[in-house]
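A.B. asks: Sharing a structure below in structure tokens format, with a few things to ask.
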Amino acid sequence: MSDELSTALRELAAARATRPVLDGPGIRARAMRRRRRRRAAYALGGGGTAALVLLGLAVHLHPSGTTDQRPGIRPPAVTAPVSAVPSPSAATPVVGALDLSRHALTCGRRVLPVLAQSGRPLAATGPMRVVAKQNPRDLTFVLPSKSPVSVRVPYVVELRDRQDRPHYIGVFTPKLKALSDYAAKSEWIGLGAEDAAWFYARAHIGDTLAVTDDPAAR
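Mapping to numbering that gives the first Met the number 0: the sequence shown position 118 is 117, numbers consecutive.
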């Protein structure tokens, strides 16, 4: 066999020869080296990408040291809270209306007949406001040429007019009927027992009672 042929056969055998088998420590060492290389590659690639993204955001948000705003768009201005102002509609509620010409006190859909009325005329007093309630209450009635008489009246509602003069609504008791024969004077309005109790329960301090008068209806 010639030298050239022997050399060719040895090279062919070396090329096809199986790589030497590594033992356990060698295999683990090679695997660790591969993991380190992969981690290094990921770290370099991810860090570079993150740096580029942050740089792009910085340029977009602050191209010249100012925040990015579209033309004509501004952040809303912060204003101090304004306390609610009560509307004119939130006025004192009107509990009813006293019609002097028809001798009736109307509350909602209920009409309470006025059985008796005495004292100064109410036509010029305007609306009246509920200021007190008492059941019963002693009211003083003035009699001509006699001493004042005190009468205990159930379900008394005290009202005040614009001149702050007192007026009273209560039950028209038999004793008051007897006093009316003597033209007793006191600013009060007499109702039936059931109507007076109903109005007493409905009226509240601060409510307003309107006063109307139509001379043509007398």
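Note that the Cβ used here is the ideal one computed from N, Cα and C, for glycine as well. Since this is a predicted model, take the numbers as computed values, not measurements.
With a cut-off of 7 Å, does the C-beta of Asp-206 fall near any C-beta of chain C?
C.D. replies: Absent here is chain C; the protein component of the structure consists of one chain.
A.B. asks: Mind checking whether Val-129 and Pro-153 have CB atoms under 7 Å apart?
C.D. replies: Indexing the sequence shown from 1 puts residue 129 at position 130. Indexing the sequence shown from 1 puts residue 153 at position 154. Not a contact, by the Cβ cut-off of 7 Å.
A.B. asks: Which ranges would you report for the beta strand (DSSP E) in the stretch 123-198 if only whole runs of at least 3 residues count?
C.D. replies: Fully enclosed beta strand (DSSP E) runs of 3 or longer: 127-133, 136-140, 148-152, 155-159, 165-170, 187-190.
A.B. asks: Buried or exposed: His-166, going by 16 or more other Cβ atoms within 10 Å of its Cβ?
C.D. replies: Here residue 166 is taken as the residue at index 167 of the sequence shown, counted from 1. His-166 is buried by the Cβ-count criterion.
A.B. asks: Are the beta-carbon atoms of Ala-103 and Val-110 separated by less than 7 Å?
C.D. replies: Residue 103 sits at position 104 when you count from the first residue of the sequence shown. Residue 110 sits at position 111 when you count from the first residue of the sequence shown. A contact, by the Cβ cut-off of 7 Å.
A.B. asks: Figure out for me which residue from Glu-10, Glu-3, Cys-106 has the closest Cα to the Cα of Ala-195.
C.D. replies: Taking the first residue of the sequence shown as position 1, residue 195 is located at position 196. Of the candidates Glu-10, Glu-3, Cys-106, the one whose C-alpha sits nearest the C-alpha of Ala-195 is Cys-106.
A.B. asks: Taking all protein chains shown into account, do 16 or more other C-beta atoms lie within 10 angstroms of the C-beta of Ile-26, making it buried, or fewer, making it exposed?
C.D. replies: For the purposes of this step, residue 26 is identified with residue 27 of the sequence shown, where counting begins at 1. That one is exposed.
A.B. asks: On the DSSP bridge assignment, give the partners of Leu-104 in chain order.
C.D. replies: The residue labelled residue 104 in the question sits at position 105 within the sequence shown. Partner(s): Leu-97, Leu-111.
A.B. asks: Could you give the DSSP three-state label for Ala-30: helix, strand or coil?
C.D. replies: Here residue 30 corresponds to residue number 31 of the sequence shown, with the count starting at 1. Looking at Ala-30 - three-state DSSP - the assignment turns out to be helix.
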